[in-house]
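Written below as structure tokens is the structure these notes are about.
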Amino acid sequence: MNRKAVIVFSGGQDSTTCLIHALPNYEEIHCITFDYGQRHRAEIEVAQQLSTKLGVTVHKVFDTSLLNELAISSLTRDNIPVPISACSGESLPNTFVPGRNILFLTLASIYAYQVGAEAVITGVCETDFSGYPDCRDEFIKAMNKAVELGMDYKLQIETPLMWLNKAETWALADHYRQLDLIRHHTLSCYNGIKGSGCTQCDACILRAKGLDEFMKNKIETMTSLKAKI
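Under the working numbering, the first residue of the sequence shown carries the number 223, and numbering increases by one thereafter.
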């Protein structure tokens with residue numbers, strides 16, 4: 223049986239780690255990237271470069287610019303500054319794009335239906351995140367049930383990183399001998415800078431903190447990772 227998966231692929235640390243984790247487990251992988259008018263538009267080109275580098279033969283970029291018109295966020299509006307630390311307050315950070323994962327997972331599920339894929343893979347994580355409600359396991363399970371009911375199609379939304387902290391996510395990349403690729407060629411920065419990024423936005427801070435923890439505690443982090451995967 224030809225196992226197929228669809229990956230919501232942004233070219234960032236998390237989605238790229240999901241891709242390298244999926245490659246040994248699926249015979250056919252489709253990467254889909256969404257162009258929603260994001261200010262860090264460089265991620266689209268980075269995603270295309272990475273999928274080619276990793277041997278993915280099907281990579282599609284879908285125009286979802288309508289989201290840019292509907293969702294007000296510092297990631298969709300150039301006149302709203304990206305905060306230096308998005309997760310410092312109690313309220314939702316202005317980097318939250320309302321409905322983004324609802325839309326992306328819905329479209330990815332429709333695409334999976336059309337190509338006969340059994341799984342949609344996304345890099346959301348509840349352990350190390352910026353307080354986004356659409357990164358929670360509860361949301362993913364509800365979304366999974368909704369798309370299955372709505373299409374009468376058996377589909378699994380997989381979240382390989384859901385219970386990993388950032389250090390363990392780095393460890394997963396190292397497990398597949400792709401640490402350097404993730405470190406230097408992915409783009410997670412809200413300001414659109416590849417690799418270590420701007421070093422000031424929340425995405426860069428979480429990424430750097432996790433890498434530092436992993437490099438200082440490799441054995442312990444690898445041990446905790448293996449207990450979870």
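Quick reminder that beta carbons are idealized off the backbone N, C-alpha and C, glycines included.
All of these numbers come straight from a predicted model, not from anything done at the bench.
query	result
When we look at the beta-carbon of S310 and count the other beta-carbons within 10 Å, is it buried (16 or more) or exposed?	With a pLDDT of 48 at S310, under the threshold of 50, the modelled position of this residue cannot be trusted; read the value that follows with caution. The residue is exposed, with fewer than 16 neighbouring Cβ atoms inside 10 Å.
Tell me whether Q336 is buried or exposed, calling it buried when 16 or more other Cβ atoms sit within 10 Å of its Cβ.	exposed
Whole angstroms is fine: what's the gap from A264's alpha carbon to Q270's?	10 Å
At a cut of 8 Å, does the region 234 to 250 reach the region 337 to 349 through at least three beta carbon pairs?	yes
May I have the straight-line CA-CA distance separating N366 from V319, to the nearest angstrom?	20 Å
Which word fits P355, buried or exposed, when buried means at least 16 other C-beta atoms lie within 10 angstroms of its C-beta?	exposed
Do you know how far the Cα of T443 is from the Cα of L383?	14 Å
Could you check what DSSP says for S237 in three-state terms: helix, strand or coil?	helix
Skipping 5 residues on each side, what residues in its chain have a beta carbon closer than 6 Å to that of Q440?	Correcting the residue identity first, residue 440 is Lys in this sequence and not Gln. There are no such residues.
Nearest-angstrom Cα distance between R405 and G233?	12 Å
My parser needs the beta strand (DSSP E) runs of 3 or more residues fully inside the region 246 to 275; what are they?	250 to 257
Tell me the DSSP bridge mates of K282?	I254
Once the 5 residues before and after F436 are set aside, which same chain residues still bring their CB inside 7 Å of it?	A389, W392, A393 and T443
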